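Heads up: the sequence shown begins at 30 in this note's numbering, then just goes up one per residue. Here is the structure we will look at, set down as structure tokens.
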Amino acid sequence: MAAKLIDGKALAQQVRDRLAIDSASVLAKTGVKPGLATILVGDDPASHVYVKNKQKACELAGIYVDDHKLPASTTQAELLALIEKKNADSKIHGILVQLPLPKQIDSRVVLEAVSPNKDADGFHPYNFGRLVEGHPVFEACTPKGVMKMIESTGVAIEGKRAVVLGRSNIVGKPLALMLLQRNATVTICHSKTKDLPAVCREAELLLVAIGKAKFVTADMVREGAVVIDVGTNKLPDGKLCGDVDFEPVSQKAGWISPVPGGVGPMTIAMLLDNTVESAMRNAGMKRG
Ligand code: NAP
């Protein structure tokens, strides 16, 4: 393998270690730990695993977890009432509503009900708008994690040609805005993009979030590029795999992130980071 590995697991550990120190400072100053409310509706097994992993990571970083598991029959009004309570709870600095929600509940309404000041996932339209303006408050966790992974390589972002594959509201669009904010020249690709391989080959930074196993092949990658793979796909044998054809692409890229062990752990670390940042902001504390 020619490319250097961007180890998301190790980076996430570094983030958690720093957050544990920040959390202890918040506790010392205010008498309360940074607090994250986790709200899970229904019994989707994957969602239960995701929430459990997030809660475990919180505990390692000294964050108080306020766990809410609601039955699949929960009504939208009941969920909104709980969110309202958490919005007003001074021990809570971040609120996570695990998606997807059961079909009787409108996710948009729910995500907009979370106070923009406790929007640890960074999904509220207020926070999205702040990012568009170039004055972000809470940034969406996955793209924020991808930015940290690029930074960890030491490759400068300013002036680089960045290509983002995928334009979802939770990954592709906010990631493109964050890169723009850092003065990259950004192209966003989607399912209607013409001659996608040629566009990808221009990328010095290639960020992939489309949800198609091994879609990006070596002929689509520029020599020496930084390639970050957000995709999480399950193969027929049950193994996880990214959107990038890892082995051949790693012969050509300069840097590459694996799946698993890449963006996934960093997404969780950024949820924690947003929660601690919120608690520090609340306490009038600046990060070191
Ligand atoms: P999404 O909402 O399904 O969006 C997929 C995007 O990819 C769309 O913009 C779509 O284009 C584009 N696309 C699909 N097929 C394409 C093709 N053949 N060529 C070019 N573009 C194509 O997905 P998402 O929520 O952003 O997630 C993307 C992947 O990242 C998934 O595998 C998801 O599981 C993973 N993910 C991982 C994490 C993590 O923490 N590791 C977090 C979030 C997501 P159109 O807009 O034209 O349809």
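Just so it is clear, CB atoms sit at the ideal spot from N, CA and C, and this is done for glycine as well. All values derive from a computational prediction rather than experimental measurement.
In this structure, the straight-line span from the alpha carbon of D72 to that of I50 is close to 34 Å. Taking every residue with its beta carbon within less than 6 Å of a heavy atom belonging to the ligand NAP gives, in chain order, T171, L194, G195, R196, S197, I199, V200, G201, C218, H219, S220, K221, T222, L225, A238, I239, G240, K241, V259, G260, T261, N262, V292, G293, T296. The straight-line gap separating the alpha-carbon atoms of S286 and I124 is approximately 29 Å.
In the structure shown, L234 adopts extended strand secondary structure according to DSSP, grouped into three states. Counting only residues of its own chain and dropping the five nearest sequence neighbours on each side, N82 has a CB closer than 7 Å to the CB of I297. Where I257 is concerned, the enclosing beta strand (DSSP E) starts and stops at 255-258. Taking each of E187, S119, N303, G290 in turn and checking the Cα distance to L40, the smallest one comes out for G290.
Counting the other CB atoms within 10 Å of its CB gives H164 a total below 16, which places it among the exposed residues.
Boundaries of the alpha helix (DSSP H) around I297: 292-311.
Between V288 and D266, the CB-CB gap reaches or exceeds 8 Å.
With contacts defined by Cβ atoms closer than 8 Å, V292 and G174 form a contacting pair.
Secondary structure at D248: helix, using DSSP grouped into helix, strand and coil.
Here the C-alpha atom of D150 lies approximately 7 Å from the C-alpha atom of E168. Of the other Cβ atoms in all chains shown, 16 or more fall within 10 Å of the Cβ of E233; this residue is therefore buried. In terms of Cα proximity to A247, the closest of G240, V273, G317 is V273.
When only Cα atoms are considered, R196 and K114 end up about 33 Å apart. A straight line joining the alpha-carbon of A90 with that of V143 spans about 23 Å. Under the three-state reduction of DSSP, H77 is assigned to helix.
When the beta-carbon positions are compared, A86 and R137 stay at least 8 Å from each other.
The beta-carbon separation of V193 and L204, rounded to 5 Å, stays under the 8 Å limit for a contact. The three-state reading of DSSP puts T104 in coil, since its state is none of H, G, I, E or B. Of the candidates L301, C170, M309, E306, the residue whose Cα lies closest to the Cα of V94 is L301. Between P131 and K98, the alpha-carbon positions lie close to 13 Å from each other.
R316 carries a coil assignment under DSSP once its states are collapsed to helix, strand and coil. The beta carbon of P172 is closer than 7 Å to those of V200, P203, L204, M207 in its chain, skipping five residues each way along the sequence. Along the stretch 157-189, the alpha helix (DSSP H) occurs as fully enclosed runs of 4 or more residues at 170-182, listed in sequence order. In this structure, K33 lies near G283, with their beta-carbon atoms less than 8 Å apart.
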